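Written out below as structure tokens is the structure these notes cover.
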Amino acid sequence: MRGPGVPVELVGSGPSQVTSWTGVAAEHPFGLHTLPYGAFTAAVDSQPHVGVAVGDAILDLTTATRDLLPEHAALFRHGNLDALLAAGRQTWTLIRETLTRWLTDDQHTDALAPLLLPATDVTMQLPFTVADYVDCYSCEQHATNVGQIFRPGQRSLPLNWRHLPVGYHGRAGTVVVSGTPVTRPSCQRRGPEGTVTFGPSTALDFEAEIGFVVGTPSALGRPVPLTDFADHVFGLCLVNDWSARDIQAWESVPLGPLLGKSFATSISPWVVPLDALGTARIRPPVRDPHPLPYLDDAVTEPWGLDITLEVRLNGQLISRPPFAGMYWTAPQQLAHLTSNGACLRTGDLFASGTVSGAAPEQRGCLLELSWNGSAPLTLADGSTRSFLADGDEVSITATAPGPQGTGIGLGEVRGRISPALVDAAPRG
Ligand code: MN
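Numbers -15 to 412, taken from my numbering, label the letters of the sequence shown in order.
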């Protein structure tokens, strides 16, 4: 068996380097090997359209398919990815092949060139209707760091952690697209002296994660095995699981996070299809103990992903978390989430959990980067951060190895913190 970090040769990993009449450079993160889908509006008050990113431009698929692919135009008519997600694996592959043909064959230039819009001229929208949202906790380094911060001297990993992908159900209705301002949440928290008060969080944090978007639903009562992952999951996006650590710490006993995370979760506007990621796939780490059969991926196709994330705070690079070392993969998360018979719906989003590497500069949240405030970060302007300040902007980007030395871009998820509402406390 290959070790972690060794690429796996697979069929169907997408086109190798090809030239395009659009002039997009082969090495562009959104080159023809990526072709991510999103939803955009071209002007204020205009209807959203579905688009595919081609370099720094967006091809308007809602308009293009009306004349050029009428038999599939209904998939793009409604201005989001919902219909495309529901169409299933065969259609996803067919559409991607069609787009590649359109963008590489000169005979389509006249029809499509007018539908290529500069990305800077449009406003990206939430790409799909989020059905259910689950966030996992699948990074061993993150879980170990959190354990050391909150339970020093005790076992770092909870007893269950190496047996199953731990997770919690989040709030689908507050998943927002990149660029949406994030208002500092107010809620109950318990101060250091034990006083319980209501007010704005003083420990607001980000979490750098990868999200997986479900297309094909599953039947209630029928678990989805590891081998069916690619039949159900359409693609990936970036996720920032904003977290108010003080609210979370007070409310999470004995159940999981509730208001500490439900105020906002930001996702990138572009969903990168699984079909684009063949060259990014690697063997996941060796698991000890050996997982139960429904989670045992030793003989299935590997779904480790060699993605490197970058986190910027007010434009300054503060971390480069490596996704390659994630202990539990997305197929294992999906198999676990459905192992009790829970069904999938089109638009379900499940995220990896915070991604952190072994080095301090690879930690995926401020809780770890500042070690819960005991070692604040110093920024380029001389100011320090234990947690986020009002006005701070967090940007997460990511890339993965593409064909022939290129890179696959996942775009960006960005959000700026707005001050708490002045009169946030509810009156009795
Ligand atoms: Mn999270």
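All C-beta atoms, glycine included, are put in the ideal place defined by N, C-alpha and C.
This one's a predicted model, so the numbers in the text were calculated from it and none came from an experiment.
Between the beta-carbon of Ala228 and that of Leu188 there is about 5 Å, and that keeps the pair under the 8 Å contact cut.
Less than 8 Å divides the Cβ of Ile231 from the Cβ of Pro169.
Between the alpha carbons of Phe247 and Glu124 lies a distance of about 26 Å. Distances taken from the Cβ of Asp119 to the heavy atoms of ligand 1 include one shorter than 7 Å.
Inter-residue distance for Arg135 and Phe14 is about 43 Å (C-alpha atoms, whole angstroms). Per DSSP, reduced to three states, the secondary structure at Ile231 is helical. Remark: the C-beta of Gly137 is outside contact range of ligand 1, defined as less than 7 Å to any heavy atom. Under the 10 Å beta carbon count, Asn324 is surrounded by fewer than 16 other beta carbons and is classified as exposed. Beyond the five residues adjoining it in sequence on each side, Ala115 comes within less than 8 Å, by CB distance, of Ala156, Val198, Arg329, Thr330, Gly331, Asp332, Leu333 in the same chain, given in chain order.
With a threshold of 7 Å, the Cβ atom of Asp225 counts as near ligand 1, since some heavy atom of the ligand is closer than that. Here Val295 has Phe190, Ala192, Leu301, Ile302, Ser303, Arg304, Pro305, Gly348, Val378, Ser379, Ile380 as same chain residues with Cβ atoms under 8 Å from its own Cβ, once five neighbours each way along the sequence are excluded. Excluding its 5 nearest sequence neighbours in each direction, Gly337 has C-beta neighbours in its own chain below 7 Å: Asp119, Cys120, Tyr121, Ser122, Cys123, His126, Glu193, listed in chain order. DSSP links Gly399 through a beta bridge to Val378. Asn298 and Leu350 have their C-alpha atoms some 14 Å from each other. Residue state for Glu352 is assigned as helix, using DSSP reduced to three classes. As the crow flies, the alpha-carbon of Thr368 is around 39 Å from that of Ala26.
Not a single unbroken stretch of the alpha helix (DSSP H) spanning 4 or more residues falls wholly within the region 273 to 315. Counted as a single uninterrupted DSSP element, the stretch harbouring Gln346 is not any beta strand (DSSP E), since DSSP gives it neither H nor E.
Assignment of beta strand (DSSP E) within the region 74 to 162, counting only whole runs of 3 or more residues, yields 100 to 102, 107 to 109, 117 to 120, 151 to 153, 159 to 161 in chain order. One thing to note: Val255 has its Cβ within 8 Å of the Cβ of Leu65. The Cβ-Cβ distance between Leu45 and Gly35 falls below 8 Å. Look at His33 here: in three-state DSSP terms it is strand. The DSSP-derived three-state label of Glu55 is helix. The secondary-structure analysis by DSSP pairs Phe196 across a beta bridge with Leu220, Phe334. In this structure, the CA atom of Leu52 is about 28 Å from the CA atom of Glu11.
When DSSP reads this structure, Ala384 sits in a beta bridge with Ile392. In the DSSP annotation of this structure, the continuous segment of the alpha helix (DSSP H) that includes Leu68 starts and ends at 66 to 71. Arg398 sits away from Gly22, with the two beta carbons spaced by 8 Å or more. With contacts defined as CB atoms closer than 8 Å, Gly63 and Pro32 qualify as a contacting pair.
Taking C-beta atoms as the reference points, Leu96 and Ala41 fail to come closer than 8 Å.
When distances are taken from the beta-carbon of Thr338 to the heavy atoms of ligand 1, the shortest one is below 7 Å.
Annotation: Ser140 to Gln317 spans about 21 Å, alpha carbon to alpha carbon. Between the alpha carbons of Ile392 and Ala57 lies a distance of about 27 Å. Here Ala384 really is in contact with Asp290; their C-beta atoms are around 6 Å apart, less than 8 Å. Around the beta-carbon of His17, 16 or more other beta-carbon atoms lie within 10 Å, marking it buried. In this chain, the beta strand (DSSP E) harbouring Ser250 covers 249 to 251.
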